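Q:
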Amino acid sequence: MKADQEKLLNSYADRLPLSVLDEVRENVPATINKEKLQGVLDKCLIAYNNAKVHPGECVGLVAAESIGEPGTQMTLNTFHLAGVAEVQVTTGLPRIIEVFDARKAIKTPMMEIYLNKPYSTDVEKLRKFAATIKETKFEEFVSEYNLNIFEQTLTIKLNDELLKDNDLDIKDIHKIIKPKVKAFTIAIKDELIVFGLKGKQDEIKDLYTLKEKIKDVKIKGIKGLVQVLPVKRGEEYVVLTAGSNLKDVLALSEVDSTRTISNDIHEIYKVLGIEAARQGIIDEVYKVVESQGLNVNIRHVMLVADLMVANGTVKGVTRYGVVSEKASVLARASFETPLKHLFNAALEGEVDNLTSVVENVMINQPVPIGTGLPGLITKMK
Amino acid sequence: MADVYINSNFVGTVEDITHFVDNVKDMRRKGSLPEETNIYYDEKANEVKIMCDEGRARRPLIIVKEGRSLLTEKHLKQLEDGEITWADLIRQGVVEYLDAAEEENALVAYIEDELTPEHTHLEITPGSISGIATALVPFGNFNQSSRLIIGSKNQKQALGFYAANYHIRMDMDANILHYSQFPIVKTKLHDVTNYNEHPSGQNMIVAIMCYDGYNMEDGVILNKGSVDRGLARSTYFRPVKAEELRYSGGLVDEVSIPDKDVKGYRSEQDYRFLEGDGIIYPEAKVAEGDVVIGRTSPPRFLSSLDEYNLSAAIRRESSVSLKHGERGVADFVFITENEEGNRLVQVRLREERIPEIGDKFTSRHGQKGVTGILVKSADIPFSSSGIVPDLIFTPHGISSRMTISHLLELVGGKVGALAGRLVDGTLFDAESEENIRSELLDLGFRSDGTEVFYDGRTGKQMLAKIYVGNMYYLRLRHLVANKMQSRARGPIQLLTRQPTEGKAKEGGLRLGEMEKDVFIAHGASLLLKERFDSDKINLPVCEKCGLVAVEDQYKNRKYCLMCGEDIEINYVEMSYAFKLLLDEIRSLCIYPKINLKNKY
Numbered sequence: 005m006k007a008d009q010e011k012l013l014n015s016y017a018d019r020l021p022l023s024v025l026d027e028v029r030e031n032v033p034a035t036i037n038k039e040k041l042q043g044v045l046d047k048c049l050i051a052y053n054n055a056k057v058h059p060g061e062c063v064g065l066v067a068a069e070s071i072g073e074p075g076t077q078m079t080l081n082t083f084h085l086a087g088v089a090e091v092q093v094t095t096g097l098p099r100i101i102e103v104f105d106a107r108k109a110i111k112t113p114m115m116e117i118y119l120n121k122p123y124s125t126d127v128e129k130l131r132k133f134a135a136t137i138k139e140t141k142f143e144e145f146v147s148e149y150n151l152n153i154f155e156q157t158l159t160i161k162l163n164d165e166l167l168k169d170n171d172l173d174i175k176d177i178h179k180i181i182k183p184k185v186k187a188f189t190i191a192i193k194d195e196l197i198v199f200g201l202k203g204k205q206d207e208i209k210d211l212y213t214l215k216e217k218i219k220d221v222k223i224k225g226i227k228g229l230v231q232v233l234p235v236k237r238g239e240e241y242v243v244l245t246a247g248s249n250l251k252d253v254l255a256l257s258e259v260d261s262t263r264t265i266s267n268d269i270h271e272i273y274k275v276l277g278i279e280a281a282r283q284g285i286i287d288e289v290y291k292v293v294e295s296q297g298l299n300v301n302i303r304h305v306m307l308v309a310d311l312m313v314a315n316g317t318v319k320g321v322t323r324y325g326v327v328s329e330k331a332s333v334l335a336r337a338s339f340e341t342p343l344k345h346l347f348n349a350a351l352e353g354e355v356d357n358l359t360s361v362v363e364n365v366m367i368n369q370p371v372p373i374g375t376g377l378p379g380l381i382t383k384m385k
Numbered sequence: 006m007a008d009v010y011i012n013s014n015f016v017g018t019v020e021d022i023t024h025f026v027d028n029v030k031d032m033r034r035k036g037s038l039p040e041e042t043n044i045y046y047d048e049k050a051n052e053v054k055i056m057c058d059e060g061r062a063r064r065p066l067i068i069v070k071e072g073r074s075l076l077t078e079k080h081l082k083q084l085e086d087g088e089i090t091w092a093d094l095i096r097q098g099v100v101e102y103l104d105a106a107e108e109e110n111a112l113v114a115y116i117e118d119e120l121t122p123e124h125t126h127l128e129i130t131p132g133s134i135s136g137i138a139t140a141l142v143p144f145g146n147f148n149q150s151s152r153l154i155i156g157s158k159n160q161k162q163a164l165g166f167y168a169a170n171y172h173i174r175m176d177m178d179a180n181i182l183h184y185s186q187f188p189i190v191k192t193k194l195h196d197v198t199n200y201n202e203h204p205s206g207q208n209m210i211v212a213i214m215c216y217d218g219y220n221m222e223d224g225v226i227l228n229k230g231s232v233d234r235g236l237a238r239s240t241y242f243r244p245v246k247a248e249e250l251r252y253s254g255g256l257v258d259e260v261s262i263p264d265k266d267v268k269g270y271r272s273e274q275d276y277r278f279l280e281g282d283g284i285i286y287p288e289a290k291v292a293e294g295d296v297v298i299g300r301t302s303p304p305r306f307l308s309s310l311d312e313y314n315l316s317a318a319i320r321r322e323s324s325v326s327l328k329h330g331e332r333g334v335a336d337f338v339f340i341t342e343n344e345e346g347n348r349l350v351q352v353r354l355r356e357e358r359i360p361e362i363g364d365k366f367t368s369r370h371g372q373k374g375v376t377g378i379l380v381k382s383a384d385i386p387f388s389s390s391g392i393v394p395d396l397i398f399t400p401h402g403i404s405s406r407m408t409i410s411h412l413l414e415l416v417g418g419k420v421g422a423l424a425g426r427l428v429d430g431t432l433f434d435a436e437s438e439e440n441i442r443s444e445l446l447d448l449g450f451r452s453d454g455t456e457v458f459y460d461g462r463t464g465k466q467m468l469a470k471i472y473v474g475n476m477y478y479l480r481l482r483h484l485v486a487n488k489m490q491s492r493a494r495g496p497i498q499l500l501t502r503q504p505t506e507g508k509a510k511e512g513g514l515r516l517g518e519m520e521k522d523v524f525i526a527h528g529a530s531l532l533l534k535e536r537f538d539s540d541k542i543n544l545p546v547c548e549k550c551g552l553v554a555v556e557d558q559y560k561n562r563k564y565c566l567m568c569g570e571d572i573e574i575n576y577v578e579m580s581y582a583f584k585l586l587l588d589e590i591r592s593l594c595i596y597p598k599i600n601l602k603n604k605y
């Protein structure tokens with residue numbers, strides 16, 4: 005494209021978004037003359053301005069209704085396929101509520117781990133990798149506990165087959181366990197791990213608590229990933245996990261850190277930042293909406309997501325989150341726990357300027373939306 | 006070896022379980038044990054349970070021995086001739102009642118052809134899986150079960166001939182269908198339940214077709230000519246009651262025409278229907294506001310002794326009159342005493358209900374619909390054989406609901422009407438479709454039940470042949486006349502000054518939360534305000550303290566309860582409900598100050 009045309013194109017930069025300009029640049033023939041390009045750009049400008057939301061348009065309420073109404077049609081039950089290896093996932097309305105409420109502990113945390121080249125195609129390597137990241141606890145290797153009251157020892161027999169499967173032997177286990185149980189003696193005797201008390205007598209209870217404690221000791225893998233499931237996605241393989249630990253997984257060299265993602269919004273926020281969390285909210289909600297075969301414009305979801313992350317942290321659409329930041333006392337009081345809001349407002353001497361919708365409906369004044377938004381000024385002569 | 010329990014009490018053990026159980030059963034059948042004894046062997050718990058106490062649901066089954074039913078042709082013949090009865094069958098050990106537990110040990114065949122040596126019992130009829138109301142649906146086994154349930158529920162709401170002594174009864178909310186008929190397509194249950202003594206519908210000519218859009222979305226179209234001739238016409242009865250209550254001090258209500266100087270006297274016009282005893286005369290046509298039973302009550306509070314002279318002047322008027330929108334004819338007057346010994350006057354009002362737009366009709370297959378139009382008999386479509394439908398049903402109601410029984414009843418009814426006989430549509434035991442269709446062919450009609458139709462308005466032949474026949478249709482009790490209501494102005498609630506709710510209180514229709522959202526989403530801000538203006542109020546507000554001030558129009562002065570008289574007061578328009586909220590907030594010891602600012 006000639007310099008003239010390029011100049012013309014750039015002169016629209018303040019009126020058209022970059023993505024539109026890029027699209028024009030790609031789609032017009034390189035030989036286009038200046039007048040025609042001008043025409044194309046003017047048409048684009050008109051279309052772009054027409055597509056803009058009008059001032060006074062009630063976007064929030066429309067978004068709420070547009071998500072809420074299809075929500076009533078969502079099926080609460082999820083489908084299960086008998087015999088197929090799958091990870092249990094929360095979907096449907098419960099999942100949407102979970103995301104919009106920005107719950108700290110979600111019901112089914114999950115990760116989709118994309119892998120770098122050799123691992124994403126080689127099934128053997130993939131399987132090995134999957135096995136290494138799965139969190140395995142000491143408890144799983146144990147075949148027998150034996151609490152001997154007379155000798156004051158706890159003997160533990162391990163499952164040899166499982167050990168072999170995981171490329172471990174009793175010495176490895178011993179090595180991992182040892183630093184965790186400093187208050188006790190630990191020894192290997194006839195393929196058994198034997199714990200004993202250090203000096204003290206009559207403290208058999210301690211051995212019992214020890215037994216419960218070491219059950220949870222992580223032997224290998226990444227903390228939190230309780231289930232791993234390699235799945236084929238198009239040409240490559242990805243690993244789905246139940247449980248989520250974005251930080252540790254992204255640190256692994258085998259992992260493609262540009263695509264790997266968790267479904268825990270708070271974890272995304274902590275590891276990848278607020279913009280990623282916003283995208284996470286949109287993706288997670290839209291995934292549910294699509295899986296239910298509903299038709300909700302993604303802009304509605306984007307608006308809600310924007311609202312939730314507006315002040316740099318993730319806030320749920322609850323009385324503790326987004327709603328608590330409403331400017332109007334009356335609006336907050338009309339949502340949930342009215343007394344609490346009224347008392348706090350009274351303590352602070354809060355002033356309600358009646359600038360939003362709900363409070364104006366309450367006092368029966370025109371709501372500042374649509375035709376109620378503009379004010380008229382007369383020019384006096 | 007198994008433990009034996011009688012009525013959940015341990016009594017002992019038995020060695021040979023099967024022998025023991027069979028023995029008990031045999032003794033019951035022979036009559037040496039009571040007929041209501043049931044025995045059940047619980048294999049898992051290894052317990053034998055004998056039950057003969059009350060409260061067990063039991064059902065009769067025919068006993069089967071060596072793969073053969075004990076009920077023989079001979080029994081049936083004897084039953085038909087009246088030589089034996091049901092009780093004899095039980096006594097002979099042909100039929101026995103099983104409870105839920107003993108059923109666990111039984112293998113029951115649905116029909117006789119299914120019997121094998123393993124079977125222990127045979128159903129009396131396969132239709133016994135359904136209850137009475139469900140068994141009243143003809144060809145029910147051709148339907149989805151959910152439609153069957155809806156169909157049997159609808160029948161309970163049908164108008165009919167509910168009791169032969171209706172004219173001397175004082176039922177609340179009673180309806181009588183004028184020309185109720187026995188269904189042409191019946192089931193055996195109709196005979197068993199004496200349905201012909203209390204039928205609840207009429208056999209109508211039904212065409213399955215469209216007629217403009219008037220039967221879309223579950224509508225039905227009625228033939229005005231048929232309605233004028235009395236189709237589905239009914240009468241609605243409703244009692245009006247007045248009791249002579251007794252009060253302390255020997256004071257008592259009095260049913261009479263109120264004296265002119267009674268407190269709250271209406272106008273003479275309102276009492277015009279009352280006879281000397283204060284009760285309306287039969288066959289008087291009453292409408293809204295007319296007094297049906299005249300009554301006066303003693304004053305509510307007796308302050309001083311001199312009021313004991315009880316002149317009429319201090320009595321209260323407490324007559325019973327017709328409320329908003331009510332009308333009728335005084336049908337029947339009934340004077341009696343109630344449980345407390347007070348005189349009770351009841352007047353039954355009657356009103357004829359001619360089918361109109363909005364009345365609900367249904368077939369017996371869960372195919373209910375609301376009347377969309379009454380078509381003049383001149384405009385109604387007619388068939389080449391001269392058949393004119395009474396009711397037009399929409400074809401779109403069939404495809405998604407899959408009520409095959411609806412279609413079968415239509416041909417069945419057609420055959421029954423033409424051949425002059427009743428058609429049997431008993432559950433699992435109905436006349437076969439092929440027989441019905443071939444009989445229809447023999448009667449000179451197309452075997453598929455369709456006929457060539459002509460449009461009544463243009464006289465042109467219709468492109469499609471129309472499926473037409475005879476069906477038993479029910480008029481349901483949801484009549485528009487009982488539900489219709491409108492309001493422009495009317496009563497308001499005392500507390501909120503908002504309109505009352507509900508038909509009885511002449512209430513408004515609420516513009517609710519979600520409707521409000523619609524106005525907002527459209528940006529129709531001022532329209533929304535107008536809609537919510539029902540409790541609008543102009544309140545004087547004190548500029549200084551921001552609380553609601555007082556305007557004393559009588560003394561023509563305005564003042565603030567906080568700041569006194571010498572203060573600027575402005576009027577603010579708001580909803581009364583908001584004023585109430587401010588008051589309630591003040592009751593929480595919170596000071597809701599209104600900061601006034603000029604709007605412009």
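Each protein sequence line maps, in turn, to chains D and S. Numbered according to the numbering used here, the first sequence spans residues 5 to 385. Numbered according to the numbering used here, the second sequence spans residues 6 to 605. In this text, a Cβ means the ideal position worked out from N, Cα and C, and glycines have one as well. Please read these numbers as outputs of a predicted model, since none were measured by experiment.
DSSP three-state call for residue 391 (chain S): helix, strand or coil?
A: Coil.
Q: Helix, strand or coil, according to DSSP, for residue 35 (chain D) in the structure here?
A: Residue state, collapsed to three classes: coil.
Q: How would you label residue 180 (chain S), buried or exposed, when you count the other beta carbons within 10 angstroms and need 16 or more for buried?
A: Counting Cβ neighbours within 10 Å, residue 180 (chain S) comes out buried, since at least 16 surround it.
Q: Do you know offhand how far residue 50 (chain D)'s Cα is from residue 121 (chain D)'s?
A: Residue 50 (chain D) and residue 121 (chain D): Cα-Cα distance of roughly 46 Å.
Q: Using the rule of at least 16 other Cβ atoms within 10 Å of the residue's Cβ for burial, across every protein chain shown, is residue 594 (chain S) buried or exposed?
A: Residue 594 (chain S) should be labelled exposed.
Q: Please tell me whether residue 63 (chain S) and residue 93 (chain S) are closer than 8 Å, where the distance is taken between their beta carbons.
A: No, they are not a contact pair.
Q: Do residue 441 (chain S) and residue 473 (chain S) have their CB atoms nearer than 8 Å?
A: No; because the gap between Cβ atoms is not below 8 Å, this pair is not in contact.
Q: Would you verify that the beta carbon of residue 538 (chain S) is, or is not, closer than 8 Å to some beta carbon of chain D?
A: Yes, contact with chain D.
Q: Per DSSP, what are the beta-bridge partners of residue 115 (chain D) in this structure?
A: Answer is D:245, D:266, bridged to residue 115 (chain D).
Q: Does residue 61 (chain D) have its Cβ less than 8 Å from a Cβ in chain S?
A: Judged by the 8 Å Cβ criterion, residue 61 (chain D) is in contact with chain S.
Q: Please identify the residue among D:97, D:103, D:366 whose C-alpha is closest to the C-alpha of residue 273 (chain D).
A: Among D:97, D:103, D:366, the Cα nearest to that of residue 273 (chain D) is on D:103.
Q: Restricting to runs no shorter than 3 residues, where is the beta strand (DSSP E) found entirely within the region 320-360 of chain S?
A: Taking only runs of at least 3 residues, the beta strand (DSSP E) segments lying wholly in the region 320-360 of chain S are 332-342, 348-358.
Q: Rounded to the nearest angstrom, how far is the Cβ of residue 68 (chain S) from that of residue 100 (chain S), given a contact under 8 Å?
A: With 8 Å as the limit, residue 68 (chain S) and residue 100 (chain S) qualify as a contact, their Cβ atoms being about 7 Å apart.
Q: Considering Cα atoms alone, identify which of S:496, S:520, S:502, S:525 is closest to residue 512 (chain S).
A: Out of S:496, S:520, S:502, S:525, S:496 has the C-alpha closest to the C-alpha of residue 512 (chain S).
Q: Is there contact between the region 58-73 of chain D and the region 522-535 of chain S, where contact requires at least three CB pairs shorter than 8 Å?
A: A contact exists between the region 58-73 of chain D and the region 522-535 of chain S.
Q: To which residues does DSSP link residue 580 (chain S) through a beta bridge?
A: According to DSSP, residue 580 (chain S) bridges with S:541.
Q: Quick one: residues in its chain with C-beta nearer than 6 Å to the C-beta of residue 330 (chain D), no 5 flanking neighbours on either side, listed in chain order?
A: If we look at residue 330 (chain D) and ignore the five residues flanking it on each side, its Cβ neighbours are 336.
Q: Just checking my contact of residue 223 (chain D) with residue 145 (chain D) at CB under 8 Å: how many whole Å lie between their CB atoms?
A: Indeed they touch by this definition, with Cβ atoms about 7 Å apart.
Q: In whole angstroms, what separates the C-alpha of residue 520 (chain S) from that of residue 386 (chain S)?
A: Taking the straight line from one Cα to the other gives about 42 Å.
Q: Which residues in the same chain as residue 281 (chain D) place their Cβ atom closer than 7 Å to its Cβ, once the five residues preceding and following it in sequence are excluded?
A: Here the set comprises 269, 272, 273, 313, 318.
Q: Go to residue 96 (chain S), then tell me how far its beta strand (DSSP E) extends in each direction, as first and last residue.
A: Segment 91-96 is the alpha helix (DSSP H) holding residue 96 (chain S); no beta strand (DSSP E) there.
Q: When you check each C-beta in the region 524-536 of chain S against every C-beta of chain D, which residues fall closer than 9 Å?
A: From the region 524-536 of chain S, only 524, 525, 526, 527, 528, 529, 530, 531, 532, 533, 534 have a Cβ closer than 9 Å to chain D.
Q: Give the residues from the region 560-585 of chain S that approach chain D closer than 7 Å (Cβ to any Cβ), ordered along the chain.
A: Those would be 579, 580, 583, in chain order.
Q: Does the region 577-588 of chain S touch the region 361-369 of chain D, meaning 3 or more C-beta pairs lie closer than 8 Å?
A: Segments in contact, yes.
Q: For residue 144 (chain S) versus residue 435 (chain S), is the C-beta spacing smaller than 8 Å?
A: Their beta carbons are under 8 Å apart, which means residue 144 (chain S) touches residue 435 (chain S) by this criterion.
Q: Look at the Cβ atom of residue 110 (chain S), then the Cβ atom of residue 56 (chain S), and state whether they are nearer than 8 Å.
A: For residue 110 (chain S) and residue 56 (chain S), no; Cβs fall outside 8 Å.
Q: For residue 556 (chain S), which beta-bridge partners are listed by DSSP?
A: Answer by DSSP bridge pairing, in chain order: S:563.
Q: Relative to the C-alpha of residue 447 (chain S), which residue among S:73, S:222, S:423 is closest?
A: Considering only alpha carbons, the answer is S:423.
Q: Any C-beta of chain S within less than 8 Å: which residues of the region 362-383 of chain D qualify?
A: Here the close residues are 365, 366, 367, 368, 369, 370, 371, 372, 373, 374, 375, 376, 377.
Q: Would DSSP call residue 135 (chain S) helix, strand or coil?
A: If DSSP states are grouped into helix, strand and coil, residue 135 (chain S) belongs with coil.
Q: Could you name the residues of the same chain whose beta carbon sits closer than 7 Å to that of residue 70 (chain D), not counting the 5 residues immediately before and after it, in chain order?
A: 300, 301, 304.
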